[in-house]
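For the sequence shown, the working numbering assigns the number 505 to the initial residue and increments by one for each residue that follows. Cβ atoms here follow ideal geometry from the backbone N, Cα and C, with glycine treated the same way. For reference, the structure discussed in these notes is given below.
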Amino acid sequence: MDKGGARSRISPARTAAGLCVMAAAALVYVNTLRHPPVWDDHVFVFGQAFLQDCSNLRRVLHPVTFQGVLVARNAARPVWLASVLLDTCVGGGLTQAYRLTSLFWHAAGAAVVMALAWTFSGELFAALAAGLLFAVHPAHTEVVNILTFRSDLLCLAFLGLALLLYRAGGRGSGWRMALLLAAAFTCSGAALLSKEMAVTLPLLLWMTDFWFPKDAPPRRRRLAALAAATLLVMA
505 MDKGGARSRI
515 SPARTAAGLC
525 VMAAAALVYV
535 NTLRHPPVWD
545 DHVFVFGQAF
555 LQDCSNLRRV
565 LHPVTFQGVL
575 VARNAARPVW
585 LASVLLDTCV
595 GGGLTQAYRL
605 TSLFWHAAGA
615 AVVMALAWTF
625 SGELFAALAA
635 GLLFAVHPAH
645 TEVVNILTFR
655 SDLLCLAFLG
665 LALLLYRAGG
675 RGSGWRMALL
685 LAAAFTCSGA
695 ALLSKEMAVT
705 LPLLLWMTDF
715 WFPKDAPPRR
725 RRLAALAAAT
735 LLVMA
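Laid out in structure tokens, this is it:
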């Protein structure tokens with residue numbers, strides 16, 4: 505098997521490394537689960553009646569909703585709205601439930617960073633180091649502890665997944681390639697609906713194809729198609 509194929513294979517070592525990274529990300533912030541709401545959370549989460557009504561989850565997820573704008577704070581980020589409403593439904597309004605979900609998305613983001621590092625370097629140790637550094641870096645304290653900033657965690661996770669699926673699609677053909685690229689587009693849409701920063705995805709795809717050309721999909725046609733689809737979702 506070529507090196508590109510080896511990178512895409514899910515091995516026990518990679519799985520164990522990913523679980524270690526997620527565990528490290530969780531352990532760093534597990535002591536914050538009982539912390540009370542802070543800063544913007546008083547207004548955007550616990551002070552917003554829309555997010556304290558579990559029945560609104562169906563409204564947020566309904567396709568008709570995307571044809572207009574909900575009367576709610578952060579309405580332009582429906583994935584964030586849905587994630588917080590799900591916490592309300594499952595956790596009954598307990599702060600720990602909201603915090604646990606943010607902690608999960610931070611751990612997922614760390615695992616995605618590790619997977620990206622593995623994809624581009626082919627070295628498990630380097631990938632593990634990158635994932636662990638991301639997991640424990642103090643720069644992420646605010647986005648993990650402030651529920652309103654969960655949009656950053658969601659955006660990163662879906663953006664990273666889109667990039668991974670796009671690269672994996674370049675190693676496939678036929679229906680497998682089409683399926684992976686469709687999944688990449690779905691993740692890019694979820695990232696855009698989490699935070700507007702995801703509009704940078706076409707640029708990221710171009711940069712990774714330029715700096716890591718091996719196993720990259722044919723650039724111009726697919727990149728142009730994905731960029732056009734991204735703009736369509738934004739519209």
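query, result
"Would you say T605 and L590 are within 9 Å of each other, going by their C-beta atoms?", "yes"
"If the criterion is Cβ atoms closer than 9 Å, does the pair T704 and L668 meet it?", "no"
"By a C-beta neighbour count over all protein chains shown, 10 Å radius and 16 as the cutoff for buried, is R538 buried or exposed?", "exposed"
"Which residue spans inside the stretch 585-655 form an unbroken alpha helix (DSSP H) run of at least 4?", "599-625, 628-640 and 645-649"
"Assuming L709 contacts A702 (C-beta within less than 8 Å), just tell me the rounded distance between them.", "L709 to A702, Cβ: 12 Å. No contact."
"Starting from C691, follow the alpha helix (DSSP H) in both directions and report where the run begins and ends.", "G678 to L696"
"Touch check for the stretch 594-613 and the stretch 644-664: three-plus C-beta pairs under 8 Å?", "yes"
"Could you give the distance in angstroms between the alpha-carbon of A510 and the alpha-carbon of G693?", "Reliability of the predicted coordinates at A510 is poor, the pLDDT of 49 falling under 50, and the value obtained from them is presented with this limitation in mind. Roughly 28 Å between the two C-alpha positions."
"Would DSSP call A579 helix, strand or coil?", "coil"
"When the Cα atoms are used, what is the spatial distance from V547 to G678?", "49 Å"
"Would you decide whether W543 is buried or exposed? Buried here means 16 or more other CB atoms lie within 10 Å of its CB.", "exposed"
"Over what stretch of residues does the alpha helix (DSSP H) that includes H539 continue unbroken?", "Per DSSP, H539 belongs to no alpha helix (DSSP H) and is neither H nor E."
"Please report the straight-line C-alpha distance between V594 and P706, rounded to a whole angstrom.", "36 Å"
"Considering H546, what are the terminal residues of the alpha helix (DSSP H) in which it resides?", "D545 to F548"
"Alpha carbon to alpha carbon, what distance is there between L663 and C691?", "7 Å"
"Rounded C-beta distance between A621 and A529? I'm assuming under 8 Å.", "About 15 Å separates the two Cβ atoms, so there is no contact after all."
"CB-CB under 7 Å to R581, same chain, minus the five flanking residues each way: which ones, in chain order?", "S655, L697, S698 and K699"
"Is it the case that the Cβ atoms of N618 and L632 are separated by a distance below 9 Å?", "As written in the sequence, residue 618 is Met, which differs from the Asn given in the question. A contact, by the Cβ cut-off of 9 Å."
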